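Written out below as structure tokens is the structure these notes cover.
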Amino acid sequence: MDNLQVSIWRGAEAGGFQDFEVPRQESQTVLDVVTYVQRKCDPTLAYRFACRVGVCGSCAMTVNGVSRWTCRTHVSKVAAGNKLEIAPLRNLPVVKDLVTDMREFFDKWARARGVFTGSTTRKEKFARVEPQSKERKRVDAGIECIGCGVCYSACDVVTWNRDYLGPAALNRAWTLVNDVRDTTRAERLAAVAGDAGCHACHTHISCTERCPKGLSPTAGIAGLKRAVLAATLSGEI
Amino acid sequence: MSNRTQVLLWGAQRISAMVLGLCVAVHLVTMIYAVRSGLSAAEILGRTQGSVGWFAFYTVFVAAVAIHAPIGLRTVLSEMLNWRGRGLDILTGVFGLSLAMWGMRAVFAVFSGGGA
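Protein sequences appear in the order of chains A and B. Using my numbering, the first residue of the first sequence is number 1, and each one after it goes up by one. Using my numbering, the first residue of the second sequence is number 238, and each one after it goes up by one.
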């Protein structure tokens with residue numbers, strides 16, 4: 001097999017691509033390529049990973065222009081010829097090379113009231129939630145998000161509107177809006193309303209297209225738009 | 238602008254979009270009919286002048302445009318120019334009022350026969 005010609009972003013916000021040559025191997029992932037570069041070519045290359053098997057979500061990067069988990073992306077599926085361009089996630093400040101500062105991403109989860117607030121304590125009995133109920137099914141559809149930031153990187157509205165909460169935070173809010181045990185529905189709907197919230201979404205569906213977990217933040221955001229409008233008209237918020 | 242107003246604007250834009258979908262279809266079909274039938278401007282005006290039905294239809298059409306377009310323009314300018322705040326709201330509000338004024342001027346012209 002021919003060697004891979006790999007361009008990797010170096011530096012912070014200001015920087016440029018540096019070229020490397022990496023031996024191509026069978027079943028090679030993009031994360032394998034980055035690891036090879038750090039171990040064999042340049043030990044100063046900064047990147048982030050942990051589990052290597054698609055559980056932790058920390059190795060997300062932009063590969064040939066598309067946001068992906070590098071550990072679950074086979075080179076053979078994305079290399080255009082023998083070329084790979086690997087950059088940090090979009091829409092987040094770059095700390096160094098392939099490492100982004102995720103603070104604003106998680107701060108927006110907090111702004112969207114992404115924390116469950118219940119009314120019972122551990123001393124009381126478990127809440128009983130019917131698995132087939134409409135609300136529980138909606139929660140199931142969005143609950144597997146692991147906060148990798150791929151959707152946030154893929155979203156053009158985040159690029160155009162820096163205040164926009166983004167698909168992941170809104171998806172989290174939607175799962176909590178449908179959690180029948182939660183007691184802060186009105187506050188959460190108010191937190192995700194308006195120009196910086198769910199109503200800024202243009203339904204480009206990039207988040208749904210790119211989500212490695214196969215979730216549809218777009219559907220959740222559409223649900224939030226309707227729920228917030230209904231709550232506004234009824235005077236709930 | 239409060240979050241509540243922003244949400245109501247979003248709702249208004251959705252509803253006006255539905256109205257526009259219907260109005261644009263009726264308008265296009267009417268235009269195609271008029272052109273294919275070879276109706277002259279005078280013949281078309283002869284049908285619209287004094288017609289309460291066409292007056293009502295185009296009044297609704299103009300209202301939907303005057304609501305829908307400025308809300309969309311506000312979002313476009315906000316995203317493309319990173320512009321937010323009172324100045325943007327006033328500009329797009331004036332734009333909407335202008336659309337309503339020019340639109341109703343045209344509607345009155347074809348209803349009453351005065352010059353547009």
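A virtual CB, placed ideally from N, CA and C, is assigned to each residue, including glycine. As the structure is a computational prediction, the values presented were derived from the model and not from experiment.
Compare the C-beta of residue i with all C-beta atoms of chain A and state if any pair is closer than 7 angstroms.
i, result
"residue 291 of chain B", "no"
"residue 316 of chain B", "yes"
"residue 241 of chain B", "yes"
What do you get for residue i, buried or exposed, if any count of 16 or more other CB atoms within 10 angstroms of its CB means buried?
i, result
"residue 140 of chain A", "exposed"
"residue 349 of chain B", "exposed"
"residue 3 of chain A", "exposed"
"residue 353 of chain B", "Caution applies to residue 353 of chain B, whose pLDDT of 44 falls short of 50 and renders its modelled position unreliable; the value that the coordinates give is listed next. Looking at its Cβ environment, which holds fewer than 16 other Cβ atoms inside 10 Å, residue 353 of chain B is exposed."
"residue 320 of chain B", "exposed"
"residue 270 of chain B", "exposed"
"residue 74 of chain A", "exposed"
"residue 245 of chain A", "Residue 245 of chain A is absent from the model: chain A starts at 1 and stops at 237."
"residue 195 of chain A", "buried"
"residue 1 of chain A", "exposed"
"residue 226 of chain A", "exposed"
"residue 108 of chain A", "buried"
"residue 79 of chain A", "buried"
"residue 289 of chain A", "Limits of chain A in this structure are 1 at one end and 237 at the other, which puts residue 289 of chain A out of reach."
"residue 44 of chain A", "exposed"
"residue 51 of chain A", "exposed"
"residue 202 of chain A", "exposed"
"residue 126 of chain A", "exposed"
"residue 237 of chain A", "buried"
"residue 87 of chain A", "buried"
"residue 6 of chain A", "buried"
"residue 116 of chain A", "exposed"
"residue 158 of chain A", "buried"
"residue 317 of chain B", "exposed"
Taking CB distances under 7 angstroms as the criterion, tell me whether residue i reaches chain B.
i, result
"residue 193 of chain A", "yes"
"residue 31 of chain A", "no"
"residue 229 of chain A", "yes"
"residue 174 of chain A", "no"
"residue 232 of chain A", "yes"
"residue 217 of chain A", "no"
What first and last residue would you give for the alpha helix (DSSP H) that runs through residue i?
i, result
"residue 283 of chain B", "278-285"
"residue 258 of chain B", "240-273"
"residue 334 of chain B", "323-349"
"residue 220 of chain A", "217-234"
"residue 304 of chain B", "289-318"
"residue 172 of chain A", "167-177"
"residue 10 of chain A", "Unbroken run through residue 10 of chain A is the beta strand (DSSP E), 4-11; no alpha helix (DSSP H)."
"residue 193 of chain A", "No alpha helix (DSSP H) holds residue 193 of chain A; DSSP gives it neither H nor E."
Since residue i is in the beta strand (DSSP E), which residue starts that stretch and which ends it?
i, result
"residue 128 of chain A", "Taken as a continuous stretch (DSSP letters only), residue 128 of chain A belongs to no beta strand (DSSP E), as it is neither H nor E."
"residue 160 of chain A", "Looking at the DSSP string, residue 160 of chain A is not in any beta strand (DSSP E); the run it does join, the alpha helix (DSSP H), is 156-160."
"residue 61 of chain A", "60-63"
"residue 206 of chain A", "It is not in any beta strand (DSSP E) - residue 206 of chain A instead sits in the alpha helix (DSSP H) that spans 206-210."
For the ligand NAD, I want to know if residue i counts as a neighbour, meaning its beta carbon is within less than 6 angstroms of at least one of the ligand's heavy atoms.
i, result
"residue 297 of chain B", "For the structure depicted, the ligand NAD is absent and the ligand set is empty, with no information on it obtainable."
Going residue by residue through the region 16-50 of chain A, where are the continuous alpha helix (DSSP H) segments of at least 4 residues, counting only ones entirely within it? 30-36
Given a limit of 7 angstroms on CB to CB distance, which residues of the region 244-255 of chain B reach chain A? 244, 245, 247, 248
Starting from the N-terminal side, write out each stretch of the beta strand (DSSP E) that is 3 residues or longer and does not extend beyond the region 65-150 of chain A. 66-69, 83-87, 94-96
Name the residues in the region 106-117 of chain A whose C-beta lies less than 8 angstroms from a C-beta of chain B; which are they? none
Any residues in the region 147-168 of chain A with a beta carbon nearer than 7 angstroms to a beta carbon of chain B? Which ones, in chain order? 160, 161
Taking a cut of 7 angstroms between CB atoms, which residues from the region 181-208 of chain A lie near chain B? 190, 193, 194, 195, 199
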